[in-house]
Every structure is written in C-alpha cells, then in structure tokens.
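For what it's worth, this note's numbering labels the leading residue of the sequence shown as 7, then goes sequentially. All C-beta atoms in this analysis are idealised placements derived from N, C-alpha and C, irrespective of residue type, glycine included. Data first, discussion second: the structure below is written as structure tokens.
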Amino acid sequence: MDRWILLPLLGAFLIILASGFVLVLPDDGKEIDESGLQTFASDDEVIKFLKAHASRDTTHTTGPGPEISTDAPLAPATAPLIESDGAVDYSSTNVQVAGVDEADIVKNDGQYLYLLRDGEVVIVRAVPADEAAVVGRAAVDGRPQALFLEGDRLVVFTEEVQDDLVTPEGSVAPVPVHRTVTSAQIWSVQDRAAPRLIENITITGNYEEARLIDGEVWLMTVEYPEPPDYPLPEAGGVRPPIYTPPVPQQYYAFHTLASFPVAGGDEASAVSFLLGEGGTMYVSEKNLYLAYPDHPIGESVIHRFALTQRGAAYVATGMVNGTVKDQFSMDEAGDTLRVATTAFQNNSTSGVYLLDDQMEVQGALEGIAPGERIYASRFMGDRLYLVTFKQIDPLFVIDLSGPTPVVLGALKIPGYSEYLHPCGDHCLIGVGRETSVNEWGGTVTGGLKVALFEVGNVSAPAVIDTAIIGTRTTQSPALDDHKAFFFDEKRGVLVLPVYDHGQNYYPVSSSPWNGAYVFTLSEEEGIDHTGTITHESSWDGRVKRTVRFDETLATVSDLSIVLTSLPDCTRTGAVVIGESPAAPPVQTGGMPLPPEISA
7 MDRWILLPLL GAFLIILASG FVLVLPDDGK EIDESGLQTF ASDDEVIKFL
57 KAHASRDTTH TTGPGPEIST DAPLAPATAP LIESDGAVDY SSTNVQVAGV
107 DEADIVKNDG QYLYLLRDGE VVIVRAVPAD EAAVVGRAAV DGRPQALFLE
157 GDRLVVFTEE VQDDLVTPEG SVAPVPVHRT VTSAQIWSVQ DRAAPRLIEN
207 ITITGNYEEA RLIDGEVWLM TVEYPEPPDY PLPEAGGVRP PIYTPPVPQQ
257 YYAFHTLASF PVAGGDEASA VSFLLGEGGT MYVSEKNLYL AYPDHPIGES
307 VIHRFALTQR GAAYVATGMV NGTVKDQFSM DEAGDTLRVA TTAFQNNSTS
357 GVYLLDDQME VQGALEGIAP GERIYASRFM GDRLYLVTFK QIDPLFVIDL
407 SGPTPVVLGA LKIPGYSEYL HPCGDHCLIG VGRETSVNEW GGTVTGGLKV
457 ALFEVGNVSA PAVIDTAIIG TRTTQSPALD DHKAFFFDEK RGVLVLPVYD
507 HGQNYYPVSS SPWNGAYVFT LSEEEGIDHT GTITHESSWD GRVKRTVRFD
557 ETLATVSDLS IVLTSLPDCT RTGAVVIGES PAAPPVQTGG MPLPPEISA
C-alpha cells in the first residue's frame, strides 16, 4: 500500500507538504537565505554535493530555519502504571518523557506479553500465572529491532540488507553494493493465536530510533552515502525531499524521518536531512532534537524538528560546547532546550546550556568538575541532577529556574552512577558501580551499586542507603539501557536484571548466573533486598526486561519468562519461549550461585 505524501517539482517552485509545512524554493534548488535550508532540484545535485563535501575543513554558522506553525494537539501524558479492562494494573516501558512511548523489545497490554526474539514475535499469556503459555508466534522478515503496541496492532521494526551490483563511472565491471533497509511492519493481533501482517512500510537506512505519540509513529533511520554510487534515500520506493541545514560537516549521513498513524487510513510522510554522522535523539511531545559531535572542534550540533500533524518540520540548528552523552542529557521545558555536555579539549569539564526555540544559547554554566566527565544526567522540573566521575562520584544539584544555571549543592561518594531515576518528590535512585582507590592511586572497579539519594535539601544532598551486588564481573543491562530498569514507585519496588560470568569468558568458562534482584526502597527504610529471581544458566538466558501485572512480576529473557509474586518473590510459573543453541556445557560442581549483596 503506497500512502506516502511526496510532491514533485512544480514549475519554478517546489512545494513540499510531506514534512508538515510548506516551503517555497526557487527552481535552482539553492537555499532561500543564509539561515534557511538548502534543498536539491535533482538526484545529480545531491550526489554532486556529497562528492564536494566528502572530506573538508568546515566553518560553522547557526541560525533559525524557515518559520513554521502548527496547531497539532499535544498527546496526553500517561502514567507508568495503567488500569486495564481485566482488572489488572500493569507497568509499561520505562520512558524518559510521559506520553512519548519508546520502541522496545517487550510490550504488554495487561494480560499478554508481546516480545521479539530470534526473528519472530512471540505472544504470551502472562496472567493468571497458572495459565501462562505461548499463544501465538509470527515470523518477521529481517533482523527485529523493536516494536510498539497500540490497541490490537503491533508495529515491528526490522532491518534487512539488500544486495545489488553497480557499475562505477569509468568502469566496465560491476561491483557488489550492500544496503540496509528498515521496515515498519504493522500487524493485527486481534487474533493473538494468528497475528496478521497488514502493511509493510520500508525506508532505506539503519533503524535508529522510534517514538509513538498519540497513535502516530515517528521513525528515524540513518544511512551513510558511500561511493561509487552514493545511494540516495527512499521511502516506500519514492525519493523523499532532501534538505541540509547551514552547518557544513566533514562527513555526511542521511537521516530520514518518517511518520505514520498505527491505525492507518492516513498518508505516511517522510523527509530526509543530510546531517553529520552519528547522533543522539531526544523527543518531547512536540519536538524532536538530534545532537551529534562536530569534529574536530569539540562542539555538538543540535537540530530541532517540530512534530506536526502533517509530518516533521525543520526549525533551527544550534551549537554548544562539548559532547552529549545520551538522551537523558537533553530535556525540553516549554520552548527551552536544556543540555548537559562534557568538553574533552585539554582538561575535560562539563557544562549546562539553555537554548531558546531558535536554538540560540540564552544561558550557560561551564567549568563543572574539571578532569571528570558526565556519567549520568536527569532533569526533573527546575532541577538537573548530574553525576561526573574520575575517582569519586560527585552528584551535583543544579538549579534551572533562572536565566543561568546555578549549582545548589554537591555530594561526593565512592563509585559512580550511570543511570538516575526519580523516586518520589525528594529521592533519586542511582545505578552504577562501586569503586575504590588502590595503593598506587588508581581506580579499581567493584560490583554493581544501587544508591538511594535524598535530594530534598538541595544544598546538601545525602545518601540514604546503598547496596553492592557482586564484584567487577557482575553486570546489568540497566547500566546502558534504561528500558531494562524497572521501578514501581507506588510499591517502592526496584528490579535490577543481573548476570555474572565469573572470572572466565566463553568458550572457556563456567556457566553464568542469570537473574534479577528485587529491592524495596523507601526514604525511611532505605534499600531492602526482598528477593532474587533465577533464570537459565545460559549465555542467552540473561534477563532483559521486567513487567508487573498486579502483584506478579514477569522477568523476560530470550529463553523464558519467569513469574514471581510480590512481595516475597515466590515463583508462581514459567513459560519457555525458546531454546539455547549456543549454551556452553554446565561444569561439574552444581549451578552457579547468585552474586552476594553488601551494604
């Protein structure tokens, strides 16, 4: 089904509605003015541009893009706990912004789990626990990346490499060319035993990120144009309009942003931008921001795109000193973007920047923690909580209510946090590593660390309690994937997926321990370890996600789903969803034991 909005060149003007606004450009394809977007009149112009900018020294300018307006309504914020028709309240994906769902490998509707593994979608009835079972499977083409669940429809994102032969200019012999294409497959799961593919939307490039806002999917792909043929982006087999903002780059990549409603019935839109390589994406309910480092000058370029009823519209480009670590280093408050970065020139320092709706810096705080770099950031209202690290973990409390950010207080403790999560009005959870200093002054990394901070007194943040799990070989996916982190604020329940491979590594290794640690957190009692959930001792038995249905926890790996009851973590059921073809043999001496916990 072809439902793309892509309008061709019309006489002397190019009128583009696919991106959610109208741009009128002269037929020579040049930018409207110094601060506008450059567009291209033909494929040859794009290729000529790429060849001319394949490697170059750059100068930099910033400024607003074309003026746009949108009356698109904002999506209502959703709570992390949802009431379902089946009298089950259940958790959802741990997302950064309420109302902005993030694609993940596991979704649920209060009774069923929908998960991706090994080239298929698996649908599992999870409650009641004694009736838990696989009820449906659907093979998907390509490499599954993530999915959304919206009503009785799934959107499954996959990648697939397409091979072709291209004859370079001046050559008589064709050469093989490999190109990645991302598919957004829309499935009906009204009949969970027999999922049905409704539509397949294809966009060239690698899957980058996806968001779901009020039933509308926003998908970003990225593709690096390379000789000899310099392949150009396609969406549904059609060339989307291509723009580049006035920030020359040493190397370019096509970032294609597509949007479409899960329910169907409306056209999909797509627009492609020639931007710098790499990128960190942050999405609010009304804007999308893409940040990437501008080498070699040590700054970050940040582009702002409005998410409108008709698609994505470029707004403006700004630049800040330093590098953006991840999506939690950016946050939108009203029309202001707040950004935390680390600059690595000479002696590293960190900074916080406030940018207006045209991406001009209006306020800045620089020179934070010389010699250290940012490990974790969390914006909460008018506060920024920032963790930097070299040997000691400073937690900074920064006020953002005025025109210039101000440090209100700081706390220094051993170790560091790599992820921060709010816990009520006055507390903050940190997940990271314990560290110590050896006799030579070097830093020694220890076990996983869970810390509960009291931040109500902004001038003197304090540690309420800590828990250390295992040793340096103990790992958790929650350190670099916030969707693996589970916290139920209503019950104060924290679940941390953990695995430990011991001192050795595959293939010469004892079997790893896989499972999850369950804690109860409170400002009064601190951190209480209430249970440990054990999964298969296999290299693909690692717990990836946790979901709660009423008082039942479901911990999910590629091999199985283990169901346990709260608060005592008694095992109530399990569902096998796959086999482990590459599991190393279990050595004699019994099953591995879970890592120990210390305060």
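> The alpha helix (DSSP H) spanning E372 covers which residue range?
Replying inline: In the DSSP annotation of this structure, E372 is not part of any alpha helix (DSSP H); the continuous beta strand (DSSP E) holding it starts and ends at 367 to 374.
> Per DSSP, what kind of secondary structure is A522 in: helix, strand or coil?
Replying inline: Assigned with DSSP and collapsed to three states, A522 falls in strand.
> If you run the structure through DSSP and keep just helix, strand and coil, what is P72?
Replying inline: With a pLDDT of 30 at P72, under the threshold of 50, the predicted position of this residue should be treated as unreliable, though the coordinate-derived value follows. Correct three-state label for P72: coil.
> When burial is assigned at 16 or more other CB atoms within 10 Å of the CB, is G599 buried or exposed?
Replying inline: Before going further, note that residue 599 is Leu rather than Gly in the sequence given. It is exposed - the Cβ of L599 has fewer than 16 other Cβ atoms within 10 Å.
> DSSP beta-bridge partners for Y320?
Replying inline: Bridge partners of Y320 according to DSSP: F311.
> If you draw a straight line from the C-alpha of D405 to the C-alpha of L371, how long is it?
Replying inline: Those two C-alpha atoms are separated by around 10 Å.
> Taking C-beta to C-beta, are G380 and A346 nearer than 8 Å?
Replying inline: It is worth fixing the name first, because residue 380 is Ile in this sequence and not Gly. In contact: I380 and A346 (Cβ atoms closer than 8 Å).
>> Using the Cβ count rule (16 or more neighbours within 10 Å means buried), how would you classify Y230?
In response: Exposed, since its Cβ has fewer than 16 Cβ neighbours within 10 Å.
>> For W446, count the other beta carbons within 10 Å of its own beta carbon; 16 or more makes it buried, fewer makes it exposed. Which is it?
In response: The residue in question, W446, is exposed, as its Cβ has fewer than 16 Cβ neighbours within 10 Å.
> What number of angstroms, rounded off, separates the C-alpha of A132 from the C-alpha of V581?
Replying inline: One C-alpha to the other measures close to 9 Å.
> What first and last residue would you give for the beta strand (DSSP E) that runs through E338?
Replying inline: Looking at the DSSP string, the run of the beta strand (DSSP E) that includes E338 is 336 to 339.
> How about V268 and G324: do their beta carbons lie closer than 8 Å?
Replying inline: Not closer than 8 Å, so no.
> Residue range of the beta strand (DSSP E) that D170 falls in?
Replying inline: Segment 159 to 172, the beta strand (DSSP E) holding D170.
> What is the DSSP secondary structure of K54, counted as helix, strand or coil?
Replying inline: Three-state result, K54: helix.
> Expressed to the nearest angstrom, what Euclidean distance is found between the alpha-carbon atoms of G387 and G438?
Replying inline: Cα to Cα, G387 sits roughly 23 Å from G438.
>> Just to check my reading of the structure: T1 and P376 have Cβ atoms closer than 8 Å, yes? What is that Cβ distance to the nearest angstrom?
In response: The structure shown does not extend to residue 1, since the chain is modelled only from 7 to 605, so the question has no answer here.
>> Taking the beta carbon of S335 as the centre, do at least 16 other beta carbons fall within 10 Å, making it buried, or is it exposed?
In response: Buried, since its Cβ has 16 or more Cβ neighbours within 10 Å.
>> Check this for me: beta carbons of T227 and I209, under 8 Å apart or not?
In response: For T227 and I209, yes; Cβs fall inside 8 Å.
> Which first and last residues belong to the beta strand (DSSP E) in which L599 is found?
Replying inline: For L599, there is no enclosing beta strand (DSSP E), as DSSP marks it with neither H nor E.
>> Just to confirm the assignment, what range does the beta strand (DSSP E) spanning I207 have?
In response: Unbroken beta strand (DSSP E) run through I207: 202 to 210.
>> I'd like the list of long-range same chain contacts for V514, defined as Cβ closer than 7 Å, with 5 residues on each side in sequence excluded.
In response: Bear in mind that a pLDDT of 44 at V514, under 50, signals an unreliable position, so the model cannot answer this.
>> Under 8 Å: do the stretch 476 to 489 and the stretch 410 to 417 share three or more Cβ pairs, one atom per stretch?
In response: By the Cβ rule, the stretch 476 to 489 does not count as touching the stretch 410 to 417, because fewer than three pairs are nearer than 8 Å.
> If you draw a straight line from the alpha carbon of T540 to that of P234, how long is it in whole angstroms?
Replying inline: Using only the alpha carbons, I get a separation of about 52 Å.
>> Using a Cβ-Cβ cutoff of less than 7 Å, which residues in the same chain neighbour W203 once the five nearest sequence positions on both sides are dropped?
In response: Per the sequence shown, the amino acid found at residue 203 is Leu instead of Trp. So the qualifying residues of the chain are Q191, W193.
> Looking at G116 and F555, is the spacing between their C-beta atoms short of 8 Å?
Replying inline: Yes, the Cβ-Cβ distance between F555 and G116 is below 8 Å.
> How far does the beta strand (DSSP E) with G125 in it reach, from first residue to last?
Replying inline: From DSSP, G125 is part of no beta strand (DSSP E); its letter is neither H nor E.
> Do K550 and P503 have their C-beta atoms within less than 8 Å of each other?
Replying inline: At the C-beta level, K550 and P503 come within 8 Å of one another.
> DSSP three-state call for D33: helix, strand or coil?
Replying inline: Since pLDDT at D33 reaches only 34, below the 50 mark, its modelled position is unreliable, and the value read off the structure follows with that caveat. Of the three classes helix, strand and coil, the one that applies to D33 here is coil, per DSSP.
> Hey, would you say T441 sits closer than 8 Å to Y425, going by beta carbons?
Replying inline: The answer is no: Cβ separation not under 8 Å.
> Straight-line CA distance for Y298 to G408?
Replying inline: Distance between the alpha carbons of Y298 and G408: 27 Å.
> At which residues does the beta strand (DSSP E) containing G453 begin and terminate?
Replying inline: Residues 449 to 460.
> So is A179 buried or exposed if we call it buried at 16+ other beta carbons inside 10 Å?
Replying inline: Exposed, since its Cβ has fewer than 16 Cβ neighbours within 10 Å.
> Would you call the stretch 111 to 126 and the stretch 153 to 169 touching, i.e. three or more CB-CB distances under 8 Å?
Replying inline: Because the criterion of three Cβ pairs below 8 Å is met, the stretch 111 to 126 and the stretch 153 to 169 touch.
> Three or more C-beta pairs closer than 8 Å, one from the stretch 517 to 534 and one from the stretch 452 to 472: is that the case here?
Replying inline: These segments touch.
> Contact check, L225 vs A264 under 8 Å by CB: the rounded distance?
Replying inline: Right, their Cβ atoms sit about 5 Å apart.
>> Along the chain, where does the beta strand (DSSP E) containing I6 start, and where does it finish?
In response: Here the chain has residues from 7 to 605 only, and residue 6 is not among them.
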